[in-house]
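Participant: The sequence shown begins at 62 in the numbering used here and counts up one residue at a time.
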Amino acid sequence: MNRRYLIGLIVLLTSTVLARAEQSLLSGDWLEKPSTHGATAAGAEVQSVPVDGQPFKQALRIQTSKQVPNAWSYELQLPNIEPIERGDVVLVTFYARSQGKHAVTQFAYQRNAPDYQRSAAIPVDVDNQWQRFDVPFEAIESYGVGKAVGVFWLGYPPQTIEIGGISITNYAKEKKLADLPRTSLTYAGREADAPWRKEADERIEKYRKGDIVINVVDQKGNSVSGADVSVQMRRHAFGFGSCVQAAWMNKDSPDADRYRQTIASLFNRVVFENDLKWTSWDRENLPAAIDWLHAHNIDIRGHNLIWPSWQWTPGWLQQFKNDKPGLSRAIAMHIEQMVSTYRGQLYDWDVVNELFSHHDISDLLGPQALAGWFQLARKNDPYVHLYINDFDILENGGHEEVHQQAYYDTIRSLLEQNAPLDGIGMQSHFGQRVTSPERLLEILNWYGSLGPMIEVTEFDVDTKDEQLQADYLRDFLTVMFSHPKVDGFLMWGFWQKLHWRPDAAMFRTDWSEKPSAKVFKDLVFTKWWTDVAGKTDQHGTFSTRGFCGQYEITATAGAQKARLPASVSRDGLSLTLVLK
62 MNRRYLIGLI VLLTSTVLAR AEQSLLSGDW LEKPSTHGAT AAGAEVQSVP
112 VDGQPFKQAL RIQTSKQVPN AWSYELQLPN IEPIERGDVV LVTFYARSQG
162 KHAVTQFAYQ RNAPDYQRSA AIPVDVDNQW QRFDVPFEAI ESYGVGKAVG
212 VFWLGYPPQT IEIGGISITN YAKEKKLADL PRTSLTYAGR EADAPWRKEA
262 DERIEKYRKG DIVINVVDQK GNSVSGADVS VQMRRHAFGF GSCVQAAWMN
312 KDSPDADRYR QTIASLFNRV VFENDLKWTS WDRENLPAAI DWLHAHNIDI
362 RGHNLIWPSW QWTPGWLQQF KNDKPGLSRA IAMHIEQMVS TYRGQLYDWD
412 VVNELFSHHD ISDLLGPQAL AGWFQLARKN DPYVHLYIND FDILENGGHE
462 EVHQQAYYDT IRSLLEQNAP LDGIGMQSHF GQRVTSPERL LEILNWYGSL
512 GPMIEVTEFD VDTKDEQLQA DYLRDFLTVM FSHPKVDGFL MWGFWQKLHW
562 RPDAAMFRTD WSEKPSAKVF KDLVFTKWWT DVAGKTDQHG TFSTRGFCGQ
612 YEITATAGAQ KARLPASVSR DGLSLTLVLK
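(1) Considering only residues of the segment 297-369, which uninterrupted alpha helix (DSSP H) runs meet the minimum length of 4 residues and lie entirely inside it, listed in chain order?
(2) Using the Cα positions of L451 and I273, report the straight-line distance between them to the nearest angstrom.
(3) Apart from the five residues on each side of it in sequence, which residues of its chain come closer than 6 angstroms, Cβ to Cβ, to A164?
(4) Using 10 angstroms around the beta-carbon of A616, count the other beta-carbons present and answer buried if the total reaches 16, otherwise exposed.
(5) Less than 7 angstroms between C-beta atoms, sequence neighbours within five positions excluded: which residues of the same chain meet that for Q192?
(6) So the alpha helix (DSSP H) F542 belongs to, where does it begin and stop?
(7) Quick one, which of R473, V522 and H490 has its alpha-carbon nearest L511's?
(8) Entirely within the segment 552-640 and at least 3 residues each: give me those beta strand (DSSP E) ranges in chain order.
(9) Given this structure, state the Cα-to-Cα distance separating L650 from H355, to the nearest angstrom.
(10) Would the segment 286-297 count as touching the segment 594-610 if we require 3 or more Cβ pairs under 8 angstroms?
(11) Mind checking which residues open and close the alpha helix (DSSP H) that includes E260?
(12) Where does the unbroken beta strand (DSSP E) through I229 begin, and where does it stop?
(13) Apart from the five residues just before and just after G458, which ones in its own chain have a Cβ nearer than 8 angstroms to its Cβ?
(14) State the Cα-Cα distance for the pair Q379 and D360, rounded to the nearest angstrom.
(15) Under DSSP, the alpha helix (DSSP H) around T247 begins and ends at which residues?
(16) Using only alpha-carbon positions, find the residue among A182, W257, V278 and L139 that is nearest to K641.
(17) Between the segment 540-547 and the segment 321-328, do at least 3 Cβ pairs fall closer than 8 angstroms?
(18) Hey, L558 and T570: beta-carbon distance below 7 angstroms or not?
(19) Taking Cβ to Cβ, would you say F117 is nearer than 7 angstroms to G225?
(20) Measuring CA to CA, which of E574, F520 and Q84 is closest to S303?
(21) For H600, does the count of other Cβ atoms within 10 angstroms reach 16, so buried, or fall short, so exposed?
(22) Mind checking P111: buried by the 16 CB within 10 Å criterion, or exposed?
(23) Go ahead and label A105 buried or exposed: buried means 16 or more other beta carbons lie within 10 angstroms of its beta carbon, across all protein chains shown.
(24) I'd like the list of long-range same chain contacts for V78, defined as Cβ closer than 7 angstroms, with 5 residues on each side in sequence excluded.
(25) Excluding five sequence neighbours on each side, which residues of the same chain lie with their C-beta closer than 6 angstroms to the C-beta of R624?
(26) By DSSP, does R500 sit in helix, in strand, or in coil?
(27) Flag this pair as yes or no: are the beta carbons of V463 and S489 separated by less than 7 angstroms?
(28) Shortest alpha-carbon distance to E93 belongs to which of L137, Q293 and R243?
(29) At 4 residues or longer, and completely inside the segment 431-486: list those alpha helix (DSSP H) runs for me, N to C.
(30) Leaving out five residues before and five after P576 in sequence, what residues of the same chain have Cβ atoms less than 8 angstroms from its Cβ?
(31) Assuming R172 is part of the beta strand (DSSP E), what are its boundary residues?
(32) In chain order, what residues of the same chain have a beta carbon less than 7 angstroms from the beta carbon of V412, not counting five sequence neighbours either side?
(33) P6: which of N329, V639 and W572 sits nearest, CA to CA?
(34) Alpha carbon to alpha carbon, what distance is there between H357 and K281?
(35) By the 10 Å Cβ neighbour count, where 16 or more other Cβ atoms means buried, how is S180 classified, buried or exposed?
(36) Only counting the same chain, and skipping five residues up and downstream in sequence, which positions put a Cβ closer than 6 angstroms to that of V400?
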């Protein structure tokens, strides 16, 4: 073979391999012809502007004047111009800054069609200085040309943000994620000495504990000094829990045994993930699951009675689209059936779920229908706590102001109509954009002023950064436990095998603990748990402070002993034990 030909062939093959191993997925005209969705609704103006002092010469300046319903309702889109194979290693790099004030966006790389499965996502919070972001990921599936898309969510409160220096490079299988740069994420208030921590601990001491005074006497009523007293907590008053699945609670397998064991050991409140929804009511598995939970002193949340859109109600209901009385009767029958069936068995009911985004039915029947649904639920169970529930109240950095205001106004309207609304549910599904503790407190204070209690109903943090996940669980839960209007915290799953967002689980599929599980157990059963012992003074009294909840109190003096169950509230506990 001709040597010159051989060298040329080697060069050609080498360049071909390199080209395949390092391939741009981004169209070269994204600056001149930006592809956006929802710009009109957001009142957006987009222009290319010059940039000095950076590795790029131009950037997109995007100014919005209105907030759209969801952050993704207005977005910049960057479809792939080359195919991607499952497992390919891709690096996205971009720069961003605000103009004039703080600005936010979120970048995601995802399927360019429902259900928009994501290979990567990163929140972006910037000031007026250019910041670089590196996002490496492995493609979770294969994509043809145009079947994947990089998106910047821009549907936030009015702002001006500049985005430049974008590159999306596919390294195929030639590089590993560890070989590529990655932007580390954090949040304001994560620092160990952040001022909010001391204030939260002071609120916890004030609102989550009570004085405990134990008097020990003999059978003649004489005080007994020097008696040994044990004050052992058995259950929190505050609700700590997760969603569960009724079918899994009834299974017979090693995993099911571990599933039940984990529920019994960690939680005092649960919510059925899907089993009580109108379209997936599990009549077969619920009775045994409910009995098991009651036997283990675990409260049950009902989720949900009305998810007021055609998407989340049975198909047959649509026959009443043009028959408002018929539609009202069908919904009333459903509420009566569900609430009366489980009367006395549930702690809470979500009467209305996600009204802001799912409102086909409520639009037809009018706002007064909502109050009627609550009144009907109360009629069928006088004691269950009745809730409204929605998302994007605490999420996304606390920036979803249109959604927040609509939820606040709906709650206020229900209260003005004398609807028996006992509680406000806040779902709390986080990606990598989390909300600072200070902002969480602002939102809680605002909604707390309305009167009803608040419950975190569906918490998770969907990220592969396990330390960020654990730290945020620690800080989020601390804020919630410290706030006097919050009375419960429920995760939307705890085991990876059954979690709707597997990366968010506390326990991996093999039941090994992630850092977040250790954080949860340390807070709930160590830092916020009371187990103390001591001796009575010369007056036969032992005093301490303890977290609100159920206790077992024991006193012994020689061969004499007394033991009583007791409950500690914020008002405290004063108890006399008679030795026998």
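We treat Cβ as the ideally placed atom computed from N, Cα and C, and that holds for glycine.
Facilitator: Working from what's here:
(1) 307-310, 315-327 and 347-356
(2) Residue identity check: residue 451 is Asp in the sequence provided, not Leu. If I take the Cα positions, the gap works out to 38 angstroms.
(3) Answer for A164: V187, Q220 and I222, listed in chain order.
(4) Using a 10 angstroms sphere on the CB of A616, the tally of other CB atoms reaches 16 or more, which defines it as buried.
(5) Y156, A157 and R158
(6) E527 to S543
(7) Checked all of R473, V522 and H490; the closest Cα to L511 is R473.
(8) If we require 3 residues or more, the beta strand (DSSP E) runs fully inside the segment 552-640 come out as 592-596, 602-608, 610-618, 621-629 and 634-639.
(9) The structure shown has nothing for residue 650, since the chain only spans 62 to 641.
(10) yes
(11) P256 to Y268
(12) Where I229 is concerned, the enclosing beta strand (DSSP E) stretches over T221 to N231.
(13) Contacts found: V165, P184, D186, R494, V495, T496, S497 and R500.
(14) About 34 angstroms.
(15) Element bounds for T247: n/a, residue is neither H nor E.
(16) V278
(17) No, they do not touch.
(18) Leu is not the amino acid found at residue 558; the sequence shown has Lys there. Yes, these two residues count as a Cβ contact at 7 angstroms.
(19) yes
(20) Out of E574, F520 and Q84, F520 has the C-alpha closest to the C-alpha of S303.
(21) A residue is called buried when at least 16 other Cβ atoms come within 10 angstroms of its Cβ; H600 does not meet this threshold and is exposed.
(22) So P111 ends up on the exposed side.
(23) That one is buried.
(24) Bear in mind that the predicted position of V78 carries a pLDDT of just 46, short of 50, making it unreliable; the figure below should be weighed with that in mind. Same-chain partners within the cutoff: there are none.
(25) T615
(26) Helix at R500.
(27) no
(28) L137
(29) 462-477
(30) E527, Q528, Q530 and A531
(31) A164 to R172
(32) L366, I367, W434, F435, A438, L447, Y448 and I449
(33) Coverage of the chain is limited to positions 62 through 641, which leaves residue 6 absent and any answer about it impossible.
(34) 38 angstroms
(35) With 16 or more other Cβ atoms inside 10 Å of its own Cβ, S180 counts as buried.
(36) Apart from sequence neighbours up to five positions away, the residues of its chain that approach V400 with a beta-carbon distance below 6 angstroms are A438, N441 and D442, ordered along the chain.
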